[in-house]
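K.L.:
In this note's numbering, the protein residues as written are 1383 to 1691. Heads up, the beta-carbon is just placed ideally off N, CA and C, and yes, glycines get one too.
1) Answer with buried or exposed for residue 1397, where buried requires no fewer than 16 other C-beta atoms within 10 angstroms of its C-beta.
2) Count the other CB atoms within 10 Å of the CB of residue 1530; is the residue buried (16 or more) or exposed (fewer)?
3) Around the C-beta of residue 1442, are 16 or more other C-beta atoms found within 10 angstroms, so that it is buried, or is it exposed?
4) Give the straight-line distance between the Cα atoms of residue 1608 and residue 1451, rounded to the nearest whole angstrom.
5) Would you mind sorting residue 1455 into buried or exposed? The rule is 16 or more other CB atoms within 10 Å of its CB.
6) Please return the same chain residues whose Cβ sits closer than 7 Å to the Cβ of residue 1592, not counting the five positions on each side in sequence.
7) With a floor of 4 residues, list each alpha helix (DSSP H) that falls wholly inside the region 1530–1607, ordered by position along the chain.
8) Restricting to Cα atoms, I'd like to know which of 1492, 1411 and 1574 is closest to residue 1616.
9) In whole angstroms, what separates the C-alpha of residue 1548 from that of residue 1424?
10) Work out the CA separation of residue 1673 and residue 1506 for me, nearest whole Å.
11) Could you tell me the alpha carbon to alpha carbon distance between residue 1619 and residue 1666, rounded to whole angstroms?
12) Determine the burial state of residue 1586: buried for a count of at least 16 other Cβ atoms within 10 Å of its Cβ, exposed for fewer.
13) Which parts of the region 1427–1456 are runs of the beta strand (DSSP E), unbroken and 3 residues or longer, counting only runs that do not cross its ends?
14) For residue 1569, which residues of its own chain have a beta-carbon under 7 Å away from its beta-carbon, when the five flanking residues on both sides are left out?
15) Would you tell me roughly how many angstroms separate the C-alpha atoms of residue 1515 and residue 1419, rounded to the nearest one?
16) Among the candidates 1582, 1683 and 1479, whose CA atom is the shortest distance from the CA of residue 1510?
17) At the level of alpha carbons, what is the spacing between residue 1606 and residue 1681?
18) For residue 1563, is the classification buried or exposed, using 16 other Cβ atoms within 10 angstroms of its Cβ as the cut-off for buried?
19) Name the residue from 1525, 1488, 1416 and 1519 whose alpha carbon lies nearest to the alpha carbon of residue 1540.
20) Could you check the C-alpha separation between residue 1653 and residue 1476 for me, to the nearest Å?
21) Using the rule of at least 16 other Cβ atoms within 10 Å of the residue's Cβ for burial, across every protein chain shown, is residue 1430 buried or exposed?
22) Using a threshold of 9 Å, state whether the C-beta atoms of residue 1474 and residue 1448 are closer than that.
23) With 16 as the cutoff for other CB atoms within 10 Å, does residue 1416 come out buried or exposed?
24) Does the beta-carbon distance from residue 1580 to residue 1542 come in below 9 Å?
25) Classify residue 1422: buried if its beta carbon has 16 or more other beta carbons within 10 angstroms, exposed otherwise.
26) Which value, in whole angstroms, describes the spacing of the CA atoms of residue 1411 and residue 1589?
27) So the alpha helix (DSSP H) residue 1520 belongs to, where does it begin and stop?
28) Leaving out five residues before and five after residue 1446 in sequence, what residues of the same chain have Cβ atoms less than 6 Å from its Cβ?
29) If residue 1567 sits next to residue 1675, beta carbons under 8 Å apart, how far is it from one beta carbon to the other, in whole angstroms?
30) For the alpha helix (DSSP H) holding residue 1668, just list the boundary residues, first then last.
31) Over the uninterrupted alpha helix (DSSP H) stretch that includes residue 1398, give me the two end residues.
32) State the Cα-Cα distance for the pair residue 1600 and residue 1583, rounded to the nearest angstrom.
33) Within the same chain, show all residues whose beta-carbon is closer than 7 Å to that of residue 1525, passing over the 5 residues directly before and after it, in chain order.
Set out below in structure tokens:
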């Protein structure tokens, strides 16, 4: 037992510096993405792919992939190709989502959207190119010391997260739901579990798989990422109402104009914030068995609910 007069001399537990961590990880992710796609003939398509891939952003998805791999005993080098791949897939989804046939937006990350610069035809092809290259990149660039069965599992996870069982399926239901006032909470949650949470889950789970996570730990990672994915979307819905175009880097208030059912439209802003916070707490609870190794993932979860863009 420590004497009371000695308590003040005990060193405090070091707090995790998320700002420094994000800055450092964004830097290495940007460098890896820049290197991943050089400009070769036909230059136009590579320029278009790079325009959207390197347009900035928080790089939350690749950072989650790297952080999970490290938490499970792996290295940045093991996970970097998969981290780049998830950002390529995410970028493809943004290029296609911004098209006139989908969400019809002129701005993304504070810049003109891809189709506004390169035309709809090249924008569609740039998205296709990024999607195809993401799988090639994981298959060919993951280091040789990573067992091939892990790489195969990662490719399968990414495919499922992207396809009709994931992002594409969520987008279809989202498009079908536009302008309808009778969308249920279950349908809304289906949309966002597939459209937003599925890829976030793949980022986290793939990082774990590459490091050799057990099936039990993969389940913990799945529950963690599903919770942060849904919280991420709730906060996005709130920001669409409360943030400016300058903060968001894209058109604000679009959900209201499109008459989309959102979490704030069902629950109100305050209850939506409360629900997001509950999801983040549940997510962090899944990581308790990993102790201090989980600090980056726990801090990233809380970052999701405190962001303003």
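P.N.:
If we stick to the structure as given:
1) exposed
2) exposed
3) buried
4) 17 Å
5) exposed
6) 1451, 1456, 1460, 1461, 1464, 1528, 1532 and 1536
7) 1530–1544, 1549–1559, 1567–1574 and 1580–1592
8) 1574
9) 32 Å
10) 44 Å
11) 22 Å
12) buried
13) none
14) 1555 and 1559
15) 9 Å
16) 1479
17) 13 Å
18) exposed
19) 1519
20) 28 Å
21) buried
22) no
23) exposed
24) yes
25) exposed
26) 14 Å
27) 1496–1523
28) 1585 and 1586
29) Actually they are not in contact, since the Cβ atoms of residue 1567 and residue 1675 sit about 35 Å apart, beyond 8 Å.
30) 1651–1668
31) Looking at the DSSP string, residue 1398 is not in any alpha helix (DSSP H), and its letter there is neither H nor E.
32) 10 Å
33) 1459 and 1460
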